[in-house]
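Chemist:
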Amino acid sequence: MGSRMVNNLVKAGYKVTVHDINRDVMKMFTEMGVSARETPYEVAQDSQVVITMLPSSSHVMDVYTGTNGLLLGGNAIRPALLIDSSTIDPQTTRKISLAVSNCNLKEKRDNWKRPVMLDAPVSGGVLAAEAGTLTFMVGGPEDAYVAARPILQSMGRTSIYCGGSGNGSAAKICNNLAMAVSMLGTSEALALGQSLGISASTLTEVLNTSSGRCWSSDAYNPVPGVMKGVPSSRDYNGGFASKLMAKDLNLAAASAEEVGHKNPLISKAQEIYKKMCEEGHETKDFSCVFRHFYNGKDEV
């Protein structure tokens with residue numbers, strides 16, 4: 004995701020400096036003429052705006068506040084705006100946002116008295132990141148969102164302001180919960196249809212012109228052979244890994260528990276994606292539940 008976002012920033016004319024623990028990724032960008040640095044702190048020293056895209060809450064916390072992190076030096080940092088596009092829990096987002104706002108700026112710019120963090124997780128997956136058509140769900144001060152919008156538009160088609168700090172992260176968790184449940188429902192329906200003697204292509208046509216239509220049926224169909232250009236058409240490689248969906252469902256469950264919200268569908272989806280990972284499908288796209296949980300068949 005992050006590498007595709009960088010490519011679109013470069014195409015939009017931004018001067019970009021990158022850091023990644025994957026040395027091959029760093030080498031790829033330096034060979035393209037993009038500057039690379041050894042630590043997040045060094046990136047911050049070179050940047051007015053920092054964007055992070057990381058796998059989990061612990062990774063984000065470490066990149067911001069750990070050894071050689073973005074906030075090293077505490078009271079004086081260069082970036083006025085820090086944007087985290089990772090999918091993490093709202094509580095961690097708010098904790099890091101507070102740490103950012105407690106810092107001072109090395110160089111005062113316009114009306115920015117202190118640095119600001121936006122949580123701006125994305126929807127659309129690797130394909131949308133590559134095409135520059137991501138949707139950003141943004142939490143934080145609204146004036147910072149307005150300032151960040153041109154940057155977001157260079158990487159995505161849509162950005163939606165969701166309110167205060169952590170609200171972008173909350174929106175993303177809710178979106179991925181709906182995505183998981185709809186994928187399970189679509190996969191279950193298509194597998195059942197096959198068992199009842201109707202082809203997945205025919206049932207997909209029915210769904211997509213009826214009330215069962217959803218993103219999982221008309222844009223990301225889980226049945227191999229029904230739709231080109233989606234993970235199911237390439238043995239579920241690429242896309243959004245099952246282990247990441249399991250992680251996001253864990254975040255949803257923890258958030259639901261914190262506010263005392265009933266979560267029967269979260270619990271069932273957690274159970275299914277945990278099983279997918281335990282059975283060795285953790286790196287396959289989350290739509291692989293059609294084949295590996297529901298025992299659905301490829302379209303011939």
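Going by the working numbering, the sequence shown opens with residue 4, and the numbers climb by one from there.
C-beta atoms are modelled at their ideal positions from N, C-alpha and C, and glycine is treated no differently.
Could you check how far apart the C-beta atoms of Phe289 and Leu193 are, in whole angstroms? I think they sit under 8 Å.
Modeler: Counting from one through the sequence shown, the residue named residue 289 turns up at place 286. Counting from one through the sequence shown, the residue named residue 193 turns up at place 190. Incorrect: roughly 15 Å between the Cβ atoms, too far for contact.
Chemist: For Arg40, name the three-state secondary structure that DSSP assigns.
Modeler: By one-based count along the sequence shown, residue 40 stands at place 37. Reduced to three states, the DSSP call for Arg40 is coil.
Chemist: List, from N- to C-terminal side, the alpha helix (DSSP H) runs of 4 residues or more that fit wholly inside the region 241-295.
Modeler: Fully enclosed alpha helix (DSSP H) runs of 4 or longer: 245-262, 267-279, 292-295.
Chemist: Would you identify the three-state DSSP class for Val149, choosing helix, strand or coil?
Modeler: Walking along the sequence shown from the start, residue 149 turns up at place 146. Helix.
Chemist: Looking only at C-alpha atoms, which of Gly215, Ala256, Thr189, Leu247 sits nearest to Gly299?
Modeler: Indexing the sequence shown from 1 puts residue 299 at position 296. Of the candidates Gly215, Ala256, Thr189, Leu247, the one whose C-alpha sits nearest the C-alpha of Gly299 is Thr189.
Chemist: Going by the DSSP bridge assignment, what does Thr55 pair with across the sheet?
Modeler: Counting from 1 along the sequence shown, the entry for residue 55 is found at position 52. DSSP lists Asp87 as partners of Thr55.
Chemist: Name the two residues that bound the continuous beta strand (DSSP E) containing Leu137.
Modeler: Residue numbering aside, residue 137 sits at position 134 when the sequence shown is read from its first letter. Note, Leu137: beta strand (DSSP E), 137-142.
Chemist: Could you name the residues of the same chain whose beta carbon sits closer than 8 Å to that of Met35, not counting the 5 residues immediately before and after it, in chain order?
Modeler: Residue mapping note: residue 35 aligns to position 32 of the sequence shown, counting from 1. Contacts found: Val13.
Chemist: Would you call the region 151-170 and the region 232-241 touching, i.e. three or more CB-CB distances under 8 Å?
Modeler: The answer is no - the region 232-241 does not touch the region 151-170, with fewer than three Cβ pairs under 8 Å.
Chemist: In the DSSP assignment, find the beta strand (DSSP E) that holds Arg160 and state where it starts and stops.
Modeler: Sequence index remark: in the sequence shown, residue 160 carries index 157 (1-based). Unbroken beta strand (DSSP E) run through Arg160: 159-166.
Chemist: In the DSSP output, what is Ser126 paired with across the bridge?
Modeler: Numbered from 1 along the sequence shown, position 123 holds the residue referred to as residue 126. Partner(s): Thr138.
Chemist: Have a look at Pro124, Asn78, Asn114, Arg112 and flag the residue whose alpha-carbon is nearest the alpha-carbon of Cys106.
Modeler: Taking the first residue of the sequence shown as 1, we reach residue 106 at position 103. Residue Asn78 is the option with its Cα nearest to Cys106.
Chemist: Which one of Val19, Asp301, Ala134 has the shortest CA to CA distance from Arg237?
Modeler: For the purposes of this step, residue 237 is taken as the residue at position 234 of the sequence shown. For Arg237, the nearest C-alpha among the options comes from Asp301.
Chemist: Tell me, please, which residues DSSP counts as bridged to Thr20.
Modeler: As a position in the sequence shown, residue 20 is number 17, starting the count at 1. According to DSSP, Thr20 bridges with Ser38.
Chemist: Excluding the 5 residues flanking Thr42 on each side, which residues of the same chain have their C-beta closer than 6 Å to its C-beta?
Modeler: Here residue 42 refers to the residue found at position 39 of the sequence shown. Taken in chain order, the residues that qualify are Asn71.
Chemist: With a cut-off of 8 Å, do at least 3 Cβ pairs link the region 155-166 to the region 126-141?
Modeler: Contact holds: three or more Cβ-Cβ distances are below 8 Å.
Chemist: The alpha helix (DSSP H) spanning Cys106 covers which residue range?
Modeler: For this step, residue 106 is matched to residue 103 along the sequence shown. It is not in any alpha helix (DSSP H) - Cys106 carries neither H nor E in the DSSP assignment.
Chemist: Going by other Cβ atoms of all chains shown within 10 Å of its Cβ, with 16 needed for buried, is Gly143 buried or exposed?
Modeler: Taking the first residue of the sequence shown as position 1, residue 143 is located at position 140. So Gly143 ends up on the buried side.
Chemist: From what residue to what residue does the alpha helix (DSSP H) around Leu74 run?
Modeler: Reading the sequence shown from its first residue, position 71 is the one you call residue 74. Premise fails: Leu74 is in no alpha helix (DSSP H) and is neither H nor E.
Chemist: Answer yes or no: do Pro124 and Ser172 have a C-beta to C-beta separation smaller than 8 Å?
Modeler: If you number the sequence shown from 1, residue 124 lands on position 121. If you number the sequence shown from 1, residue 172 lands on position 169. Their beta carbons are under 8 Å apart, which means Pro124 touches Ser172 by this criterion.
Chemist: What are the partner residues of Trp115, as DSSP defines its beta bridges?
Modeler: On the sequence shown, position 112 is the one that residue 115 refers to. For Trp115, which the question treats as bridged, DSSP gives the partners Arg112.
Chemist: Report yes if the C-beta distance between Leu57 and Ile176 is below 8 Å; otherwise report no.
Modeler: Stepping through the sequence shown from its first residue, residue 57 is reached at position 54. Stepping through the sequence shown from its first residue, residue 176 is reached at position 173. Against a cut-off of 8 Å, the Cβ pair of Ile176 and Leu57 comes out as no contact.
Chemist: Helix, strand or coil for Leu199 per DSSP?
Modeler: Here residue 199 refers to the residue found at position 196 of the sequence shown. The answer is coil: DSSP assigns Leu199 none of H, G, I, E or B.
Chemist: What is the DSSP secondary structure of Met120, counted as helix, strand or coil?
Modeler: Within the sequence shown, residue 120 is the residue found at index 117, counting from 1. Strand.
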